[in-house]
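Engineer: The structure that follows is given in the form of structure tokens.
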């Protein structure tokens, strides 16, 4: 049994949120290897005694069945991007701030820890939350959409995702973030003619031919748009370039991967049409374009009563979510969905990823107050 397959120590859902966050961070769960952590989460939730629990692959679902008038879905992914020498976690004080460093601290094991704390409070026999609760811990969020565990749950157990409001505990630094951007990736392939580099004039260098694409991207100005009072900014960027077969061969092909983050007032077809428009000259000159991944965004939906009530409970103005999250899946079902979690989204996926310790308890407290029917 490899180290990645070793069982994890039991999760103590009565521990404070910092201790629980550290336990999750110290359990490596890079996308595709979430099994041991999902096992530990499932065992902990089943042990509470007040939840219906189901396992779908490496996604763990749990819910109360108290016949409340409303149901709130809390969701978070268990996986992280590849570890960059930042596991196990470590506590440090920097500029007077206590910080927990480690892969996934911000995105989004701090949010998962808050969810587990809430399950430990409201998922035991005799607990009396004001709303029925569904907890969804899922796998493979940090990779291509076809592998996303929440997508699998939506296909196989869609009824588990229904509710009056969904809250994704993605990192928002304790502020409600409405909606999300859409995202798509395309590969632009520039053709050339192979030749020996000593006689390069006999070929056509495809890498050189990509210069126009890169110039177009460098000159591109991102659109900014306000939707329901929230400010979204788009982004169009080259994220990968490949070309060449040997050090003495003129490349006959160059592939440029471009990522478009688009505001939620565009649908996926409109976003792809825009990308084709941006690169119209290149396409006319023989460059080909292939769509490799696409996920639509989600409008803020802050006017929905359940969403408005949650924003009021948190007590701070909402802002736009600059990034794609699974609020889009809930929005596609007609379920209002928001992002709210303790991590800083600007630190996600970085080597120095961390979460401020003083952000953990306030996020938990705000959700406890909302779910128990108290004033925040």
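In the working numbering, the protein residues as written are 1201 to 1576. All C-beta atoms in this analysis are idealised placements derived from N, C-alpha and C, irrespective of residue type, glycine included.
Go through the region 1443-1523 residue by residue and report every complete run of the beta strand (DSSP E) that reaches 3 residues or more, in order.
Structural biologist: With a minimum length of 3 residues, the continuous beta strand (DSSP E) runs that stay inside the region 1443-1523 are 1453-1462, 1488-1495.
Engineer: Taking only beta-carbon positions, decide if residue 1209 is within less than 7 Å of chain C.
Structural biologist: Going by chain labels, chain C is absent from the structure shown, which holds only one protein chain.
Engineer: Three-state secondary structure (DSSP) at residue 1293?
Structural biologist: As a working note, residue 1293 is residue 93 in the chain shown. In the structure shown, residue 1293 sits in a strand (DSSP, three-state: E or B).
Engineer: Return the bridge partner residues of residue 1242 from the DSSP annotation.
Structural biologist: Locating residue 1242 in the chain shown gives position 42, where the first residue counts as 1. Residue 1242 pairs with nothing; no bridge assigned.
Engineer: If you draw a straight line from the C-alpha of residue 1268 to the C-alpha of residue 1274, how long is it?
Structural biologist: As a working note, residue 1268 is residue 68 in the chain shown. As a working note, residue 1274 is residue 74 in the chain shown. In a straight line, the C-alpha of residue 1268 is about 16 Å away from that of residue 1274.
Engineer: Which first and last residues belong to the alpha helix (DSSP H) in which residue 1530 is found?
Structural biologist: Taking the first residue of the chain shown as position 1, residue 1530 is located at position 330. Start and end: 1527-1532.
Engineer: Within 10 Å of its beta-carbon, does residue 1401 have 16 or more other beta-carbons around it, so buried, or fewer, so exposed?
Structural biologist: In the chain shown, residue 1401 corresponds to position 201, counting from 1. With fewer than 16 Cβ atoms within 10 Å of its Cβ, residue 1401 is classed as exposed.
Engineer: To the nearest whole angstrom, what separates the beta carbons of residue 1414 and residue 1458, a pair I think is in contact under 8 Å?
Structural biologist: On the chain shown, residue 1414 is found 214 positions in, with the first residue counted as 1. On the chain shown, residue 1458 is found 258 positions in, with the first residue counted as 1. That pair is no contact at about 10 Å.
Engineer: I want to know whether the region 1479-1490 touches the region 1504-1513 - three or more CB-CB distances under 8 Å.
Structural biologist: Taking 8 Å as the limit for Cβ pairs, the verdict is that the region 1504-1513 does not touch the region 1479-1490.
Engineer: Since I believe residue 1210 is in contact with residue 1233 (beta carbons under 8 Å), could you give me their beta-carbon distance rounded to a whole number of angstroms?
Structural biologist: Here residue 1233 is taken as the residue at index 33 of the chain shown, counted from 1. Here residue 1210 is taken as the residue at index 10 of the chain shown, counted from 1. Between residue 1210 and residue 1233 the Cβ distance is about 19 Å, and since that is not below 8 Å, they are no contact.
Engineer: According to the neighbour-count rule (16 or more other Cβ atoms, all chains shown, within 10 Å of its Cβ), is residue 1373 buried or exposed?
Structural biologist: Here residue 1373 refers to the residue found at position 173 of the chain shown. With 16 or more other Cβ atoms within 10 Å, it is buried.
Engineer: Return helix, strand or coil for residue 1332, following the three-state DSSP convention.
Structural biologist: Locating residue 1332 in the chain shown gives position 132, counting from the first residue. It is a strand residue.
Engineer: Taking residue 1430 and residue 1537 to be in contact with their CB atoms under 8 Å, please state how far apart those CB atoms are, rounded to whole angstroms.
Structural biologist: Position 230 of the chain shown, counting from 1, holds the residue named residue 1430. Position 337 of the chain shown, counting from 1, holds the residue named residue 1537. At roughly 14 Å, the Cβ-Cβ gap does not stay under 8 Å, so residue 1430 and residue 1537 are not in contact.
Engineer: DSSP has residue 1343 in a bridge; who is on the other side?
Structural biologist: Translated into the one-based positions of the chain shown, residue 1343 becomes position 143. In the DSSP output, where bridge partners are listed per residue, residue 1343 has none listed.
Engineer: If you measure between the beta carbons of residue 1303 and residue 1287, is that distance less than 7 Å?
Structural biologist: Sequence index remark: in the chain shown, residue 1303 carries index 103 (1-based). Sequence index remark: in the chain shown, residue 1287 carries index 87 (1-based). Result yes, Cβ atoms of residue 1303 and residue 1287 sit closer than 7 Å.
Engineer: At 4 residues or longer, what runs of the alpha helix (DSSP H) sit wholly inside the region 1384-1425?
Structural biologist: The qualifying runs are 1406-1409, 1411-1419.
Engineer: Express the C-alpha separation of residue 1276 and residue 1477 in angstroms, rounding to a whole number.
Structural biologist: The residue you call residue 1477 lines up with position 277 of the chain shown. The residue you call residue 1276 lines up with position 76 of the chain shown. When rounded, the distance between both Cα atoms is 36 Å.
Engineer: By Cβ distance below 8 Å, which residues in the same chain neighbour residue 1321 in space, the five residues on each side in sequence not counted?
Structural biologist: Against the chain shown, residue 1321 aligns to sequence position 121. Hits under 8 Å: 1327, 1568.
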